[in-house]
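Following: one structure in structure tokens, then a few remarks.
Numbering (the numbering used here), first residue to last: 20 to 322.
See below:
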């Protein structure tokens, strides 16, 4: 049986990968940041030696985009130095590496969806450190699959969808940026993708390189929020107004790409996995979260 070692098991993607692997009977060893410092060369080597995996998935990252502007050293340690270290150790043990990266390596000025060959031009510390991590992985050896993704959300951890659910329960008006576009990506779909890549790599069937994988379809943060609120209203009866605003009206420490659309066709052709339409996944995640939060004997409110 193929054995997979997962770094970042406590994060929103890591928890989804762990659950999916368990449901499918996949032999997976997951390590979170409490059990492993991915920037410690000795600890990383020991983890690989102990697990003896057929493939390693690195889902660990520093993802606080705005905070990274004031913590560049910490962001670089986790997003740039650690992936290079992990890739070097993987190369030493002949272990294929699946490394998760981001749409933030692009500047967002392209008119259409980004493909893998497009030049990168990150706008902030987070994007620059993730781009440096990609470069370090490539420099360590060819036996890797880098998976860039975007706008990740799911039932675990902190993400845009869960923030919108909380605000929709508290407020009657939500103001959300409408001039940034991207492909919302459910952790369930992304977990399917990285496990498929890991399985292909472990079996010697992977085509090494960089790929894009994101939710099917594109929208704005405003459109994303409207879909979340509409799905939640079925459970709560609440229908707060979701008002569009510009990026200029919602300034943040880190500059965001105006266009984060990723074309996932190459990944689908290579690994046979494509994400479901993002609207469908949003409804599924909202239903799962709100059904779980509702007491078993609570009456169902009409929408």
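All C-beta atoms, glycine included, are put in the ideal place defined by N, C-alpha and C.
For residue 63, name the three-state secondary structure that DSSP assigns. Taking the first residue of the chain shown as 1, we reach residue 63 at position 44. Residue 63: helix per DSSP, three-state reduction.
Nearest to residue 70 (by Cα), restricted to the options 52, 98 and 109: Walking along the chain shown from the start, residue 70 turns up at place 51. It is 109 whose Cα lies nearest to the Cα of residue 70.
Identify which residue in 228, 203 and 146 has its Cα closest to the Cα of residue 358. The structure shown does not extend to residue 358, since the chain is modelled only from 20 to 322, so the question has no answer here.
Are the CB atoms of residue 34 and residue 177 within a distance shorter than 8 angstroms? As a first step, residue 177 must be located in the chain shown, where it is residue number 158. As a first step, residue 34 must be located in the chain shown, where it is residue number 15. No, they are not a contact pair.
Measuring straight from C-alpha to C-alpha, what distance separates residue 249 and residue 99? The residue you call residue 249 lines up with position 230 of the chain shown. The residue you call residue 99 lines up with position 80 of the chain shown. Roughly 39 angstroms separates the two Cα atoms.
Limits of the alpha helix (DSSP H) - the one that residue 275 falls within: Counting from 1 along the chain shown, the entry for residue 275 is found at position 256. Careful: residue 275 lies outside any alpha helix (DSSP H) and carries neither H nor E.
Other residues of its chain near residue 141: CB distance less than 8 angstroms, five sequence neighbours each side excluded: As a first step, residue 141 must be located in the chain shown, where it is residue number 122. For residue 141, where only same-chain residues beyond five positions count, the Cβ hits under 8 angstroms are 123, 124, 125, 126, 147, 149 and 150.
Which residue's Cα is closest to the Cα of residue 39: 211, 21, 68 and 82? By 1-based counting over the chain shown, the position of residue 39 is 20. Closest option to residue 39, Cα to Cα, is 211.
Can you grab the Cα-Cα spacing for the pair residue 114 / residue 173, in whole Å? Walking along the chain shown from the start, residue 114 turns up at place 95. Walking along the chain shown from the start, residue 173 turns up at place 154. Answer to the nearest angstrom: the Cα atoms are 29 angstroms apart.
Whole angstroms are fine: how far does the CA of residue 251 sit from the CA of residue 259? Reading the chain shown from its first residue, position 240 is the one you call residue 259. Reading the chain shown from its first residue, position 232 is the one you call residue 251. Roughly 10 angstroms separates the two Cα atoms.
For residue 117, report the span of its beta strand (DSSP E) as first-last. Sequence index remark: in the chain shown, residue 117 carries index 98 (1-based). Residue 117 -> beta strand (DSSP E) spans 116–121.
Own chain residues within Cβ distance below 6 angstroms of residue 271, not counting five before or after: Taking the chain shown and counting its residues from 1, the one referred to as residue 271 is at position 252. Contacts found: 85.
Taking the alpha-carbon of residue 266 as reference, which of 233, 196 and 280 has the nearest alpha-carbon? Within the chain shown, residue 266 is the residue found at index 247, counting from 1. The residue with the shortest Cα to Cα distance from residue 266 is 196.
So, is residue 182 buried or exposed, given that buried needs 16 or more other C-beta atoms within 10 angstroms? The residue given as residue 182 occupies position 163 in the chain shown. Classification for residue 182: exposed.
Rounded to the nearest angstrom, what separates residue 73 and residue 24 at their Cα positions? Against the chain shown, residue 73 aligns to sequence position 54. Against the chain shown, residue 24 aligns to sequence position 5. Cα to Cα, the separation comes out at about 8 angstroms.
Could you spell out where the alpha helix (DSSP H) holding residue 167 opens and where it closes? Here residue 167 refers to the residue found at position 148 of the chain shown. No alpha helix (DSSP H) holds residue 167; the beta strand (DSSP E) holding it covers 163–168.
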